[in-house]
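**Q**
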Amino acid sequence: TNGFKKSRSEFADVIASSVSAKPGSAIGSGVLVKNNRQLFTQGNLIQSQSSLDLAISGDGFFAVKPQLDSVGTNFTRNGAFLVDADRYVVDAQGSHLQVHPADGSGAVVTGSLDAAQSLRLPATSGTAAATQNVSLTATLPGGAAVPSVTAFDRFDPASYNNSTQTTIFDAEGNPRTLTNYFRRETVGAAGAPSEWSVFSFVGDQPLTVSGAASATLTFDATGALTAPTAPITFDSFTPTGSPNAQVVSLGFGTGTAQRAQPFDISARSQDGTAVGLIQGVTVDAKGLVRASFSNGDTQTLGQVVLASFTNPGGLRQLGDSSWSVTGLSGEPVIGAAGANGFGDLLSGTIE
16 TNGFKKSRSE FADVIASSVS AKPGSAIGSG VLVKNNRQLF TQGNLIQSQS
66 SLDLAISGDG FFAVKPQLDS VGTNFTRNGA FLVDADRYVV DAQGSHLQVH
116 PADGSGAVVT GSLDAAQSLR LPATSGTAAA TQNVSLTATL PGGAAVPSVT
166 AFDRFDPASY NNSTQTTIFD AEGNPRTLTN YFRRETVGAA GAPSEWSVFS
216 FVGDQPLTVS GAASATLTFD ATGALTAPTA PITFDSFTPT GSPNAQVVSL
266 GFGTGTAQRA QPFDISARSQ DGTAVGLIQG VTVDAKGLVR ASFSNGDTQT
316 LGQVVLASFT NPGGLRQLGD SSWSVTGLSG EPVIGAAGAN GFGDLLSGTI
366 E
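So my numbering is basically just the index in the sequence shown, starting at one, shifted up by 15.
See the structure below:
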């Protein structure tokens with residue numbers, strides 16, 4: 016049984032006596048159980064595959080509330096926790112693990128047991144933001160020929176020279192694919208500029224620039240980009256399935272050039288963000304609980320509360336490896352793992 020602590024029965028002799036009998040003639044009447052003493056010795060530590068299986072290596076109890084609105088708090092050494100349907104971290108009986116909460120900056124706010132909170136995992140992190148700016152640093156091949164197919168057709172690779180895809184985001188944080196097709200239009204003679212057209216699509220939607228189907232990149236005889244000198248701003252468009260219109264600008268980094276090299280995108284960036292979905296939870300030796308999300312965010316959710324008692328043997332046994340405070344146990348001393356005499360927490364381990 017996880018977190019189980021055995022009890023030791025202590026016995027006393029029962030002696031029959033009489034004021035009129037001689038001391039040596041007293042007859043024994045057997046024994047009786049005088050006391051059941053709870054033993055809180057360290058149990059075996061067994062590794063598991065769940066980061067929410069927690070074991071205390073040393074002194075301390077986990078603090079749990081039987082219900083979210085419970086006034087009282089129970090204590091346990093059973094650290095086999097799981098996530099319920101409402102994303103609260105609970106034990107097998109549904110009691111809620113208590114933590115010192117973290118503030119908006121991720122700093123843990125320690126306090127009394129009354130200030131502790133039930134640990135709840137967030138479903139998401141971050142706020143969605145539509146992409147406004149995309150930047151590419153491109154190398155266009157100087158030896159590329161003008162395509163023999165006169166009209167651009169994104170479904171005909173013979174009508175363009177190269178293409179690249181960039182993931183951008185709409186206002187709801189949904190990923191969209193921006194595809195840029197590069198088509199050489201002129202091969203400059205000695206000292207003459209060379210021009211390329213850039214056709215852009217988000218999914219199947221063509222993007223326009225002041226109504227035109229493409230933008231133009233111009234390179235001088237040395238291969239340096241001479242135009243445009245500012246980012247290309249596409250006309251407003253509404254991504255398929257999104258209720259919100261979007262305006263995106265495409266800039267080419269200072270390293271963009273035409274060279275006697277293969278096509279390459281050496282740098283790529285965009286400023287949109289997606290809402291992150293929770294991917295995992297970790298608990299370190301100090302009890303700090305952190306969540307990671309699909310958008311790269313991490314959050315500190317709190318620090319596991321540990322409790323100790325002057326006389327743990329005086330705790331009232333509730334069953335299911337749980338105890339409650341009595342006058343004999345004394346009030347709980349609240350702290351955190353690895354400090355002030357409390358043991359370390361082992362994640363992925365069961366006692």
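By construction, the Cβ of each residue, glycine as well, lies at the ideal position given by its N, Cα and C atoms.
On a predicted model such as this, the values are computed, not experimentally measured, just so you know.
Whole angstroms is fine: what's the gap from residue 248's alpha carbon to residue 203's?
**A** As a first step, residue 248 is located in the sequence shown; it is residue number 233 there, counting from the start. As a first step, residue 203 is located in the sequence shown; it is residue number 188 there, counting from the start. Going by the C-alpha atoms only, they are around 26 Å apart.
**Q** How is the beta strand (DSSP E) around residue 91 delimited, first residue to last?
**A** Numbered from 1 along the sequence shown, position 76 holds the residue referred to as residue 91. Here the beta strand (DSSP E) through residue 91 covers 89–91.
**Q** Assuming contact is defined by CB atoms lying nearer than 7 Å, are residue 115 and residue 318 in contact in what I supplied?
**A** Within the sequence shown, residue 115 is the residue found at index 100, counting from 1. Within the sequence shown, residue 318 is the residue found at index 303, counting from 1. Yes, they are a contact pair.
**Q** Just to confirm the assignment, what range does the beta strand (DSSP E) spanning residue 316 have?
**A** As a first step, residue 316 must be located in the sequence shown, where it is residue number 301. Looking at the DSSP string, the run of the beta strand (DSSP E) that includes residue 316 is 313–319.
**Q** Is it buried or exposed for residue 229, if we count other Cβ within 10 angstroms and need 16 for buried?
**A** Against the sequence shown, residue 229 aligns to sequence position 214. Buried, since its Cβ has 16 or more Cβ neighbours within 10 Å.
**Q** How would you label residue 93, buried or exposed, when you count the other beta carbons within 10 angstroms and need 16 or more for buried?
**A** Stepping through the sequence shown from its first residue, residue 93 is reached at position 78. So residue 93 ends up on the buried side.
**Q** Could you tell me which of 259, 87, 335 and 97 sits nearest to residue 362, measuring between CA atoms?
**A** What you label residue 362 is simply residue 347 of the sequence shown in a count that begins at 1. Closest option to residue 362, Cα to Cα, is 97.
**Q** Give the straight-line distance between the Cα atoms of residue 336 and residue 102, rounded to the nearest whole angstrom.
**A** In the sequence shown, the residue the question calls residue 336 occupies position 321. In the sequence shown, the residue the question calls residue 102 occupies position 87. Near 23 Å, if we compare the C-alpha coordinates of residue 102 and residue 336.
**Q** How big is the Cα-Cα spacing for residue 288 and residue 197?
**A** By 1-based counting over the sequence shown, the position of residue 288 is 273. By 1-based counting over the sequence shown, the position of residue 197 is 182. Their Cα atoms are separated by approximately 26 Å.
**Q** Out of 242, 131, 266 and 214, which one is the CA nearest neighbour of residue 151?
**A** Position 136 of the sequence shown, counted from the start, is the residue given in the question as residue 151. Residue 266 is the option with its Cα nearest to residue 151.
**Q** Hey, how far is the Cα of residue 274 from the Cα of residue 291?
**A** In the sequence shown, residue 274 corresponds to position 259, counting from 1. In the sequence shown, residue 291 corresponds to position 276, counting from 1. One C-alpha to the other measures close to 39 Å.
**Q** How far does the beta strand (DSSP E) with residue 327 in it extend, from its first residue to its last?
**A** Position 312 of the sequence shown, counting from 1, holds the residue named residue 327. Counting along the chain, residue 327 falls outside any beta strand (DSSP E), and DSSP gives it neither H nor E.
**Q** Spatial neighbours of residue 301 within its chain, please: CB distance less than 8 Å, with the 5 preceding and 5 following residues excluded, ordered by chain position.
**A** On the sequence shown, residue 301 is found 286 positions in, with the first residue counted as 1. The residues 318, 351, 352, 353, 354, 359 and 360, in chain order, have a CB closer than 8 Å to that of residue 301 in the same chain once the five nearest residues on each side in sequence are set aside.
**Q** Report the option in 222, 168 and 327 whose CA atom is closest to the CA atom of residue 193.
**A** For this step, residue 193 is matched to residue 178 along the sequence shown. In terms of Cα proximity to residue 193, the closest of 222, 168 and 327 is 222.
**Q** Can you tell me which of 146, 184, 236 and 281 puts its alpha carbon nearest to the alpha carbon of residue 264?
**A** For the purposes of this step, residue 264 is taken as the residue at position 249 of the sequence shown. The shortest C-alpha separation from residue 264 is found at 146.
**Q** My output table needs one value for residue 208: the three-state DSSP class, helix, strand or coil.
**A** By 1-based counting over the sequence shown, the position of residue 208 is 193. If DSSP states are grouped into helix, strand and coil, residue 208 belongs with coil.
**Q** Quick one: what does DSSP say residue 48 is sitting in, helix, strand or coil?
**A** Translated into positions along the sequence shown, residue 48 becomes position 33. Its pLDDT being 48, under 50, residue 48 is placed unreliably in this model, and the coordinates cannot settle the point.
**Q** Taking all protein chains shown into account, decide if residue 331 is buried (16 or more other Cβ within 10 angstroms of its Cβ) or exposed.
**A** Translated into the one-based positions of the sequence shown, residue 331 becomes position 316. Per the 10 Å Cβ criterion, exposed.
**Q** Give the straight-line distance between the Cα atoms of residue 366 and residue 117, rounded to the nearest whole angstrom.
**A** For the purposes of this step, residue 366 is taken as the residue at position 351 of the sequence shown. For the purposes of this step, residue 117 is taken as the residue at position 102 of the sequence shown. If you take the alpha carbons of residue 366 and residue 117, they lie about 27 Å apart.
**Q** Going by C-alpha distance, which of 140, 86, 100 and 238 is nearest residue 207?
**A** For this step, residue 207 is matched to residue 192 along the sequence shown. When only C-alpha atoms are compared, the closest one is 238.
**Q** Taking only the alpha-carbon atoms, compute the straight-line gap between residue 191 and residue 132 and give it to the nearest angstrom.
**A** The residue labelled residue 191 in the question sits at position 176 within the sequence shown. The residue labelled residue 132 in the question sits at position 117 within the sequence shown. Answer to the nearest angstrom: the Cα atoms are 39 Å apart.
**Q** Taking the alpha-carbon positions, what's the residue 200 to residue 210 distance?
**A** What you label residue 200 is simply residue 185 of the sequence shown in a count that begins at 1. What you label residue 210 is simply residue 195 of the sequence shown in a count that begins at 1. Going by the C-alpha atoms only, they are around 5 Å apart.
**Q** Looking at the structure shown, is residue 163 part of a helix, part of a strand, or coil, going by DSSP?
**A** Within the sequence shown, the letter at position 148 stands for residue 163. DSSP places residue 163 in coil when its eight states are reduced to three.
**Q** Let's test the definition: count the other Cβ atoms within 10 Å of the Cβ of residue 75 and tell me whether it reaches 16, buried, or not, exposed.
**A** In the sequence shown, the residue the question calls residue 75 occupies position 60. By the 10 Å Cβ count, residue 75 comes out buried.
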